[in-house]
Structures are given as structure tokens and as C-alpha cells.
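Protein chains in written order, with my numbering: chain A, 21 to 254; chain B, 21 to 254; chain C, 21 to 254; chain D, 21 to 254. Single-structure report; data block below.
4 protein chains.
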Amino acid sequence: MPRPSDPNAKEKLLRAAEAEFAEKGLVRAKVEDITARAGLSKGSFYLHFQSKEDAFRNLVEGVLSRLGCFVDGEEMSAQELERLCGAPAALIEDWQSRDLETFEFIWQNRGLMGVVMEGGGGADYRHLVDTFADRAASRIAERLQRGVSFGVYRADLDIHTASLFIAGAYDRYARRVVRSAERPDLAAELRALRSMVLRAIGTPAVVALVESAAEAPAKPPRKRRKPKNTEEAA
Amino acid sequence: MPRPSDPNAKEKLLRAAEAEFAEKGLVRAKVEDITARAGLSKGSFYLHFQSKEDAFRNLVEGVLSRLGCFVDGEEMSAQELERLCGAPAALIEDWQSRDLETFEFIWQNRGLMGVVMEGGGGADYRHLVDTFADRAASRIAERLQRGVSFGVYRADLDIHTASLFIAGAYDRYARRVVRSAERPDLAAELRALRSMVLRAIGTPAVVALVESAAEAPAKPPRKRRKPKNTEEAA
Amino acid sequence: MPRPSDPNAKEKLLRAAEAEFAEKGLVRAKVEDITARAGLSKGSFYLHFQSKEDAFRNLVEGVLSRLGCFVDGEEMSAQELERLCGAPAALIEDWQSRDLETFEFIWQNRGLMGVVMEGGGGADYRHLVDTFADRAASRIAERLQRGVSFGVYRADLDIHTASLFIAGAYDRYARRVVRSAERPDLAAELRALRSMVLRAIGTPAVVALVESAAEAPAKPPRKRRKPKNTEEAA
Amino acid sequence: MPRPSDPNAKEKLLRAAEAEFAEKGLVRAKVEDITARAGLSKGSFYLHFQSKEDAFRNLVEGVLSRLGCFVDGEEMSAQELERLCGAPAALIEDWQSRDLETFEFIWQNRGLMGVVMEGGGGADYRHLVDTFADRAASRIAERLQRGVSFGVYRADLDIHTASLFIAGAYDRYARRVVRSAERPDLAAELRALRSMVLRAIGTPAVVALVESAAEAPAKPPRKRRKPKNTEEAA
DNA sequence: CATGAATGAGGGTTCATTCAT
DNA sequence: TATGAATGAACCCTCATTCAT
Chain A
21 MPRPSDPNAK EKLLRAAEAE FAEKGLVRAK VEDITARAGL SKGSFYLHFQ
71 SKEDAFRNLV EGVLSRLGCF VDGEEMSAQE LERLCGAPAA LIEDWQSRDL
121 ETFEFIWQNR GLMGVVMEGG GGADYRHLVD TFADRAASRI AERLQRGVSF
171 GVYRADLDIH TASLFIAGAY DRYARRVVRS AERPDLAAEL RALRSMVLRA
221 IGTPAVVALV ESAAEAPAKP PRKRRKPKNT EEAA
Chain B
21 MPRPSDPNAK EKLLRAAEAE FAEKGLVRAK VEDITARAGL SKGSFYLHFQ
71 SKEDAFRNLV EGVLSRLGCF VDGEEMSAQE LERLCGAPAA LIEDWQSRDL
121 ETFEFIWQNR GLMGVVMEGG GGADYRHLVD TFADRAASRI AERLQRGVSF
171 GVYRADLDIH TASLFIAGAY DRYARRVVRS AERPDLAAEL RALRSMVLRA
221 IGTPAVVALV ESAAEAPAKP PRKRRKPKNT EEAA
Chain C
21 MPRPSDPNAK EKLLRAAEAE FAEKGLVRAK VEDITARAGL SKGSFYLHFQ
71 SKEDAFRNLV EGVLSRLGCF VDGEEMSAQE LERLCGAPAA LIEDWQSRDL
121 ETFEFIWQNR GLMGVVMEGG GGADYRHLVD TFADRAASRI AERLQRGVSF
171 GVYRADLDIH TASLFIAGAY DRYARRVVRS AERPDLAAEL RALRSMVLRA
221 IGTPAVVALV ESAAEAPAKP PRKRRKPKNT EEAA
Chain D
21 MPRPSDPNAK EKLLRAAEAE FAEKGLVRAK VEDITARAGL SKGSFYLHFQ
71 SKEDAFRNLV EGVLSRLGCF VDGEEMSAQE LERLCGAPAA LIEDWQSRDL
121 ETFEFIWQNR GLMGVVMEGG GGADYRHLVD TFADRAASRI AERLQRGVSF
171 GVYRADLDIH TASLFIAGAY DRYARRVVRS AERPDLAAEL RALRSMVLRA
221 IGTPAVVALV ESAAEAPAKP PRKRRKPKNT EEAA
């Protein structure tokens, strides 16, 4: 006996699938459990997805693509860029602001991010994450390069090693956030993380700035786009 | 037609299981593939293990426990400790030497380490890795504390954040090693990684030391125990 | 969004169902494919048929019933009959004319005829075909009997075997027609077939007639009823 | 709980599959019913066959290949051939003997033959049957040609039409045999069928022979190979 | 009447595990 | 101990059918 048509069926299924995948990974998650969680019947799953893998791919590609937007960031005008780099404090605040947005998104989507980062999709999806990680490291390298040429970072910086290192630090932090039961104090922790990084790569002037600014309050992040999948709201 | 008793059967099965788990993860690895790879019959698997999960747990616990030995390190006499901490250069060399041993082990056991780190065992085994990571961070914290009290690291060091940060850096590097197709230059890469870390946490004197010693040759690691699972030898 | 009522819906569905059944048989044909081909919605199928099998039965019974009319033929007045049987050549022409009509119908409805003859409906529908075949053989037997009593066929004819044999020959030819990609030259092929049959059952006089008449042109068939399902027109 | 190893498992499964396919066709036959009929568990099916279709193909190809041996017949030495064709009566007896063997085989394997001939495997298997039918018609054409050149059949025989016609007659008879509930009197019916055919294609001398020999007893068939799948024995 | 999302029984296939030999 | 055929629970996916709109 069919239920009344539900215009949100696909969305409900995606939410349910996300939760099941987050809990059990691609292989152990059962289609029947997904549909049960969505309050639908088993068959309805296949009205919206080709297969279980299809739904998984949908979710993973979606979250990685949206995360990619944060990583790539907005275009910054040459003028704005020069202004910021001339004022290390402002540059650092911009950095913090971007980090906060990114990790806010990661926190909101921690279920899916967890599956993706912990390999819950099996080897077939690792390359997606690897590709993403490479892109992130490249972005960081670009910014380091820029920072060096503007005299914010040490001139003798080994940019390749440093970018891997920094990407690693963020990766590690992301894993921690994703597994947190409680919402972490993202602003404070990101500030601490960044202080560590700046100490390692900054010029003495920047290091001094970092040390003096340890207690400065963080500005709220600019709203660039509104995050989806707000698990918090559910 | 029973084959003659094989005293190495369990060992062969463990090696085969490790390889299959490394390639496919716990769920996708088939008992039949494991026994085929070991050159034994399907039934023989259950003469040595309660279940597929049992074999997996055996392997994971084994590798984590051996890795734990490296992390915990040998007891160091108070005298030796004081000597080392009075000579930062020696302390750093000791650190390098321990890192090298640890990562040598990780490289040798990269198959299993990969499954463990990439979540190939599903959510049920994450706590093992988490527990291990916590222990590692504690150890690092202890050593940071000691280093601070001996004046090697900056007195204002936020030990908690620093330990997470450092554990993260090593974790990240371990993931890279585990996925390398080619044997990485562990000594050089660990030296670079440590330099980064020391710049972030060391006193100015130590930072100077790091900068001047960039080209110093690493001593060969002390042999504390011989690593098992030498995939290289196979 | 309901479409405006379509008075041809049932007919469209029957045509689509026929095509799908012809291509895939009862089991492999999907209701959804049928309705899609008809340009209607899935649900509309059940406004016109109880079930997929119901539609299949409708079609099969329809085609067999219309084919039965050809086989049974029109009532022939005693007078007309006597006239024909007194003139073997005319009798043979009448036979050819009826065959042509029948096989024209078979060709036009080759899709459905194919499913029916090739068992595409499964064992449940075989009895329909069997019943039909029995009836056809009986009709042939009657005509053979009549032909014998009028001295057209050999007096020693084993009517039972002959009728099966002839029914078989037509059955076989029907299968060939039904599978032809190109429209076969029905008139010529039926003439050849009939010649073979007449040689086997005819009196020497008739055999001579057959041999001398090999090149006589066939008259166009009388139009008794107009065939439906004219696939050619579509 | 596994049953004791059964060396006949595959054979039992083939028999059971044959029966189920014969009753329900490829699509409607359920693997579970097949294994139940064989007294085995569902999973055991896949120890012996890749899939349900694989088992079906095995059976169909097997029966067609064995039937092909009958149709192709044994090589006949030129000497023997000449002797036989010089003595139409002997030639006809040889024909009868071969027919009897072939239809004995068809009767023994009527289950499978039924599925194959009635299209129970769907369109995918029709080409196998078509290919087989073409081969059979070619063989018949060859023999007709030989018979004509030896003066057994009418010199003006249209070999192509005749071969199709004869193949059709045998095809039709095979369908009847396959559906018989009771074992038909193969010898008598084949003899009748052959008489009809000979009347249609034979020279007057042969026709006379046929008419006089209607009551001659059939020789028992030479045993060329022992038929498998003897449903009668089961 | 028409629609098409929803339903859920059904069936093919996999594979961890057992146990007679 | 070793073997590998046998088992059967699980689970993915299909599709005929229903019914709220």
C-alpha cells in the first residue's frame, strides 16, 4: 500500500544514507536500514538512486565538491591581496576566518566527512580523497609562496615540506573534529593551531605578532555560502 | 585429501590475511582468498582462528602493540636522561634515532598499518586506533613537559596543543609512508619534519642548532628489536 | 498531472503490449516499458487490464480467435462446394486463396504470432496453442475426407497422419514467415508448399494438374475481412 | 550444517534443473526449487554453476550437441553408400533406423527438448535452435541431392523447398513427441511420416515400394551411443 | 480517468562457517 | 590436522501492483 507522495523523499533518503554510511561504511550499511531510517520502503531507494554505491558516490562527491569551494576560496582582487599582505595581522585574521568557515562546514557534515576520511567507502573512493588532499596541499603551497614573497613567512622556507606539513596538521585536526561527540571550540583550536604553524614558518616579526595576539578575539566568519546538511539542526 | 601437517600454517595464514586485508579491508577480504593465497584449504582457516574478525583483530592488535613498544620506548635511566637533556644536540639525535626505528617498522608493516589507519576494519576497530593515538599523544606530552623543564623547549609552550599537533604531524607522515609505492627516504624526511617541529616548539638556542645542523648525517638507529613482517624480505 | 482522457488509450496499450511481448515474451516484458511505449503512465495500464497476464491473454486469445476464423473459413453452400470439387483446379485455387489470406494475416500479426508460437507466454499458454492446433488439424482432416470422397485425393489416404503432416507443414511455414525480416513471397511459397502436399496426397490426375500448373499466376485473394494490427502500416 | 559430500551433486543438480526448466522455462524456474528438487541447499547450486543461465546454457548446448551427432550421423563408406542407394529398400530401412535412434533420444530428453523448442529460454537461446535447424536442413538437402543422383528421388525435385518441408515435418513431429504424456509408437509414426515424405519426393518405383512395404516390421535401431538423461529410468 | 511515487514480496547471488571424511 | 563440499542467512535489486492526488 503506497504512502502519499513525499516531495522530500530523495532528501530524506540522502540524510538517512549519510547517517548509515557514517555509522557503518559503504559495505555494512544496508539499503533496508537506510530506507527504514527515512521512513520509506526498501524499493523507494531505487526510485532515486541507481544503486547503493550510486547514493554513496553522490554524497561523497557532493561533500568533497562543497569542501573544495572552501579550500579554493574566493577570488581576491590584487588590490585587496596587497593590502592584506602589507598588514600581517589582517592576513592572519583572514586566514582564521576562512579556516573557521571551512571547519564549521566540516563539523556540520562530520558524518559524511568521517566516512570519507576513514576510508569507509573502500579503496575505490580513496582516490577522490587523495585528489582532494593534493589540491588542498597545492593551494597551501601557493599561499605560502605568496606569503614568502610578501615577507610574511621566512625567506628560507622549504615550501614543499611546509605545505605537506600544514596540510597534515589541518587533516589531523579535521579528523579530530569529525569524531568529536561535542562541538569543539573551533575558533580557539584553529587559533592555537595557526599559532603553532606561524611560529614554524613566520618571520620573527610575525612570530612576535602571534605571541602578542594570543588573546585577541576572533571576528565572526564572513558568510560566503550557507552550509547544507546541518546535522545540528536535525 | 588432507595435506601433511604444516607447522607454519598459522603464520602463512596470518601473512595471507594481512595481505588481503591490506588490499581489500576487513569486509571485502574473503576467507577463501586468504586461504588460497596461503596455499591452504578454506577449512584450515578455522583451525587457527575463531572467525575472520578474530584474525583481523589478532593482526591489528599485534601491529599496534608492537608499534606501541616503539612509542613507549625503552626505559631510560635518570642519569642517562639528564645527560641527554643537558646536550640538546644529543637529545635531538636520540629523537631522530627513535623516529627512524618507528617508521622503519611502519614501512615494513605498511600493509596492515594502512588498513588500520584508513579505517579498513570499520567502525569497530576505530577505538583501537583512537586508544593508540591517545597513548601516543600522552607520551609526546610527557616528553614535551620534560623538554620544557630541561629548558629545551620554550617555557610558554601550550603542551596540550603542541602534543596534538606533533602527534598529528607524525600521523600524517605515517599515512604518507604507508601509501608510498617506493621506499621513502625516511631519515631525511623525518629530519625535515623534526626541524619544522623544533622551530615551532624549541627555545631560540635549539632553533639555532636546528638551522646549523641541517646537513649533519644521521646516525644509524640502535637495534632494539628486530621488526617482523618484513615485507621487503618477502 | 492527469492528461486529458484518451479514448484510444486501451488500443494504444494493446499495440505497445503486443510489441513488447513480441520482443521479450510475457515474463521479460515490463509493464513500465509497455506504458512508456504507449506514451502513457504506468498506472493507466491497470485501468484497462487486470494484470500483465490479462493483457497478454487478451492479445493471444484475440489473435488466435481471428486466426481461427481463417482456418474455419466461411460457410460454403453445398452447391458451391459441389461445383468446386468437381473442378480440382478451382478447388486448388480456392485453397491457395484461403492460404494466402491466412498467411497475410499471420504476416501482419507476426509479432504476436511469434510470441504465441515460440512459447513466449510460458507453459500456461501452451494449451491455447495446442487447442488451436488440434482444431486446425480437425479442419484439415474434414477437408481431406471431403476431398477423398470427391475423388480429389487418393482413396487409400491415411487421413489422420496426413492431416497432422499437413498441419505440421503449415505450422512450420508459419514459423518461418513470423521470423522473416523481409516480407516473404507468400503466394509463391504457399504454392510450392501446396504442390508438395498435393503430390503426397493427390490422385494421379491431381498430381498431373499440379505439375502442369506450376507457373500459373495466383489470383488475388478475396477480401473476407480486413486484417487488424497492420504492422506494415505503422 | 553441511551434508556429507555427494559426488553426484552436479549431476543431480543438472537433472533437477532440467526438470524445473522443462516445467517453467528459464525465467520462472527458481534456483531454490532446483536445489530443493536435488535435495541440496540453495548455495550449493553456485558450487557447480556460475549462474542460473550458465546451468541452462550447459543443458541446452549439451542436448543440442548430442542431438547434432544423431543428425550428422556416422560417416558412411563410399562402398556402403553405393550399396544402399542401389537398394532403395535398404536405404529406406537405414533412414528409418536413424530416425528411430534420433527420436528415441528426443523422447528420452523430452523435458529439455521441450524448453529448447518452445522458446523457454527466451530470445537469447533461439539462435542456438535456429543454427541447429539450419544445420539439420542442410544435412537433409545433402541427402536429398544424393538420393536424386542415385535415382531414388524424383529428378525434378526442388531440393531447397523439399528440405525445408521435410525438416519442418520432423520438427513438427518432434514437438508432438516432446509433449506426449505417453510414450508414442515412434517406429510406426516415423514409418508413416516417412511414407508421406517418400510419396512426395520419391520416384514412382520408390512410391510403389512404400505402398507395398507399409506393414514390414521395423528393425531395432543400431546402438550408436547410449542416450543420457533417461527420464524413463528415473 | 490519468498519474507516478510508493510498496514489498520475490529471487539471484555471495560468503562466513561447519563438519564428514 | 587438513580438506572442501555443503549450508543458509543476508542482502541487493526488480518490478507488478496500488492508490492519494
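Every residue gets a Cβ at the ideal spot worked out from N, C-alpha and C, and that includes glycine. All values reported here derive from a predicted model rather than from experimental measurement.
I'd like the list of long-range same chain contacts for residue i, defined as Cβ closer than 6 Å, with 5 residues on each side in sequence excluded.
i: D:Arg130; result: Val198
i: D:His68; result: Lys30 and Leu33
i: C:Gly63; result: none
i: D:Ala37; result: Ile54 and Ala75
i: C:Asn28; result: none
i: A:Arg245; result: Unreliable placement is indicated for A:Arg245, whose pLDDT of 48 sits below 50; the coordinate value is still reported in the next sentence. Once the five neighbours on either side are set aside, A:Arg245 has no close Cβ partner at all.
Would you say residue i lies against chain D (beta-carbon separation less than 8 Å)?
i: C:Met216; result: yes
i: C:Thr122; result: no
i: C:Phe90; result: no
Take residue i and list the residues in its own chain whose beta-carbon comes closer than 7 Å to its own, dropping the five residues that flank it on each side.
i: D:Asp53; result: Glu40
i: A:Tyr173; result: Leu164, Gly167, Ile221, Gly222 and Thr223
i: B:Leu177; result: Leu164, Val168 and Ile221
i: C:Arg219; result: Val227 and Val230
i: A:Phe65; result: Leu33, Val51, Ile54 and Thr55
i: C:Ala175; result: Val168
Would you say residue i lies against chain A (beta-carbon separation less than 8 Å)?
i: B:Glu213; result: Contrary to the premise, residue 213 of chain B reads as Leu rather than Glu in this sequence. True, the Cβ-Cβ gap to chain A drops below 8 Å.
Taking CB distances under 8 Å as the criterion, tell me whether residue i reaches chain C.
i: D:Ala220; result: yes
i: D:Ala175; result: no
Tell me, please, whether the CB atom of residue i is closer than 8 Å to any CB atom in chain B?
i: A:Tyr193; result: yes
i: A:Pro27; result: no
Leaving out five residues before and five after residue i in sequence, what residues of the same chain have Cβ atoms less than 8 Å from its Cβ?
i: B:Asp26; result: Lys32 and Leu60
i: C:Arg146; result: Gly139
i: D:Leu84; result: Val136, Leu148, Val149 and Phe152
For the 8 Å Cβ check, are there 3 or more pairs between the segment 47-63 of chain A and the segment 105-116 of chain A?
-> By the Cβ rule, the segment 47-63 of chain A does not count as touching the segment 105-116 of chain A, because fewer than three pairs are nearer than 8 Å.
Every unbroken alpha helix (DSSP H) inside the segment 116-140 of chain A [4 residues or more] = As summarised for the segment 116-140 of chain A, the continuous alpha helix (DSSP H) elements at least 4 residues long and confined to that stretch are 130-137, given in chain order.
May I ask you to list, following chain order, the residues of the segment 68-79 of chain B that have a beta carbon less than 7 Å from some beta carbon of chain A?
-> In summary, no residue of the segment 68-79 of chain B has a CB separated from any CB of chain A by less than 7 Å.
What residues from the segment 31-52 of chain A come within 8 Å of chain B, judged by C-beta to C-beta, listed N to C?
-> Cβ contacts with chain B: Glu43, Lys44, Gly45, Val47 and Arg48.
Any chance the segment 85-92 of chain C sits against the segment 148-163 of chain C, with 3 or more Cβ pairs inside 8 Å?
-> Taking 8 Å as the limit for Cβ pairs, the verdict is that the segment 148-163 of chain C does touch the segment 85-92 of chain C.
Do the segment 183-198 of chain C and the segment 114-127 of chain C make contact, defined as three or more Cβ pairs closer than 8 Å?
-> A contact exists between the segment 183-198 of chain C and the segment 114-127 of chain C.
Would the segment 172-187 of chain C and the segment 199-207 of chain C be scored as touching if the rule is three or more Cβ pairs under 8 Å?
-> Taking 8 Å as the limit for Cβ pairs, the verdict is that the segment 199-207 of chain C does not touch the segment 172-187 of chain C.
Alpha helix (DSSP H) runs contained entirely in the segment 156-243 of chain C, provided each spans 4 or more residues = Fully enclosed alpha helix (DSSP H) runs of 4 or longer: 179-199, 206-221 and 224-232.
Interface positions of the segment 138-164 of chain D facing chain C (Cβ-Cβ less than 9 Å), listed along the chain | Cβ contacts with chain C come from Glu138, Gly139, Gly140, Gly142, Ala143, Arg146 and Asp150.
Could you run through the segment 105-134 of chain A and flag, in chain order, every residue whose CB is less than 7 Å away from some CB of chain B?
-> Result list empty, no residue passes.
Ignoring anything shorter than 4 residues or poking outside the segment 41-80 of chain B, list the alpha helix (DSSP H) runs there in chain order.
-> Within the segment 41-80 of chain B, the complete alpha helix (DSSP H) runs of at least 4 residues fall at 51-58 and 65-68.
Which residues, taken in chain order from the segment 178-190 of chain C, show a beta carbon closer than 7 Å to some beta carbon of chain D?
-> Taking 7 Å as the Cβ-Cβ cut-off against chain D, the residues of the segment 178-190 of chain C that qualify are Asp178, Thr181, Ala182, Phe185, Gly188 and Ala189.
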